Amino acid sequence: MLKKLVLFDIDGTLLRIGSINRQILIDALKEIFGTEGSAGYHDFSGKMDSSIIYEVLSDTDLEQHEVAAKFDAVKQSYIRRFRAETRASDITLMAGVRELLETLAQRTDLLLGILTGNFEASGRHKLKLPGIDHYFSFGAFADDGFHRSDLPPVAIERAFRLTGKKFSGRDIVIIGDTVHDITCAKAVQAHSIAVATGNVALHELRKNHPDTLLENLSRTENVIHSILNP
Ligand SMILES: [Mg+2]
Numbered sequence: 028m029l030k031k032l033v034l035f036d037i038d039g040t041l042l043r044i045g046s047i048n049r050q051i052l053i054d055a056l057k058e059i060f061g062t063e064g065s066a067g068y069h070d071f072s073g074k075m076d077s078s079i080i081y082e083v084l085s086d087t088d089l090e091q092h093e094v095a096a097k098f099d100a101v102k103q104s105y106i107r108r109f110r111a112e113t114r115a116s117d118i119t120l121m122a123g124v125r126e127l128l129e130t131l132a133q134r135t136d137l138l139l140g141i142l143t144g145n146f147e148a149s150g151r152h153k154l155k156l157p158g159i160d161h162y163f164s165f166g167a168f169a170d171d172g173f174h175r176s177d178l179p180p181v182a183i184e185r186a187f188r189l190t191g192k193k194f195s196g197r198d199i200v201i202i203g204d205t206v207h208d209i210t211c212a213k214a215v216q217a218h219s220i221a222v223a224t225g226n227v228a229l230h231e232l233r234k235n236h237p238d239t240l241l242e243n244l245s246r247t248e249n250v251i252h253s254i255l256n257p
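Numbering (the working numbering), first residue to last: 28 to 257.
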């Protein structure tokens, strides 16, 4: 019987991607807007691709309505480039992730999903390249909103449509590497598991009081214990 909905962030949590990710966004912005804004140095960690596009262009001459008018064009350019240019060698799975997902997938009491700031098409490609896409039957993505806190309700609804079970509160586990992951878990009273494999140090994550704080996901039994015992 299904007991828990386990939602994984992608970047910094399941895997890391090289500088090509930033370069592709820069190329897409230049193509559509003629400028990359602050995309060369902006901190993307834990943020939504949808809001990143507005943030990096906020200090340019472009008005917000001009960005909005071409938002879909830049999104499509980014996705097209991402699928064409990103290779498996650009992506490194975090330690223990493959073993963890394989073990979690065997369990009938857990439903696995994605909760990420990536657009779905590029996020799915990022998961396909190292061969872990099939573990996730559904997810909530940057296509679904501009703030990470928009995503848990979307994931909960999709899980309901998929299984008929309405997950709430501590039945939901949100695993991620930034403060934004912790905050969006707290917004729905979910169990937050913060993992220090991204750009945010362990002591920084601790300040934001995740329910569980892990150095990494390498000890499968440990992670499963954390998931089952909020
Ligand atoms: Mg992340």
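A virtual CB, placed ideally from N, CA and C, is assigned to each residue, including glycine.
Bear in mind that the values here come from a model prediction, so they are computed numbers and not experimental data.
- Straight through space, the alpha carbons of Gln216 and Lys102 are spaced by roughly 32 Å.
- In the structure shown, Thr143 adopts coil according to DSSP, grouped into three states.
- The stretch 212-227 makes no contact with the stretch 99-116, as fewer than three CB pairs between them are under 8 Å.
- Put simply, the backbone Cα of Cys211 is about 31 Å away from that of Arg114.
- With three or more CB-CB distances shorter than 8 Å, the stretch 109-125 counts as touching the stretch 240-252.
- Here Thr247 carries a helix assignment [DSSP, helix/strand/coil].
- In the three-state reduction of the DSSP assignment, Lys31 falls in the strand class.
- Every alpha helix (DSSP H) stretch that sits fully inside the stretch 58-126 and reaches 4 residues is listed by chain position as 76-83, 91-96 and 98-112.
- Distance from the CA atom of Ser85 to the CA atom of Arg110, rounded to whole angstroms, is 27 Å.
- Val33 places its beta carbon 9 Å or farther from that of Ile209.
- Asp38 sits buried, since 16 or more C-beta atoms from the chains shown fall within 10 Å of its C-beta.
- For Leu131, the secondary structure class from DSSP, reduced to helix, strand or coil, is helix.
- Between Asn235 and the set Ser219, Ser149 and Lys31, the nearest pair of CA atoms involves Ser219.
- Around the Cβ of Met28, a 10 Å sphere holds fewer than 16 other Cβ atoms; the residue is exposed.
- Taking non-hydrogen atoms of ligand 1 into account, the C-beta of Asp70 is found less than 8 Å away from none of them.
- A straight line joining the alpha-carbon of Val250 with that of Arg134 spans about 14 Å.
- A residue is called buried once 16 or more other Cβ atoms fall within 10 Å of its Cβ, and Tyr162 is buried on that count.
- Not one heavy atom of ligand 1 falls within 8 Å of the beta-carbon of Asp177.
- Relative to ligand 1, even the nearest heavy atom lies 8 Å or more away from the CB of Gly67.
- Val200: member of the beta strand (DSSP E) spanning Ile199 to Gly203, first to last residue.
- Residue burial annotation: Gly61 is exposed, with fewer than 16 other C-beta atoms found within 10 angstroms of its C-beta.
- Between the alpha carbons of Thr239 and Gly144 lies a distance of about 21 Å.
- For Ala186, the uninterrupted alpha helix (DSSP H) segment begins and ends at Leu178 to Thr190.
- Boundaries of the beta strand (DSSP E) harbouring Arg43: Leu42 to Ile44, taken from the DSSP string.
- For Thr224, no beta strand (DSSP E) segment is defined, and its DSSP state is neither H nor E.
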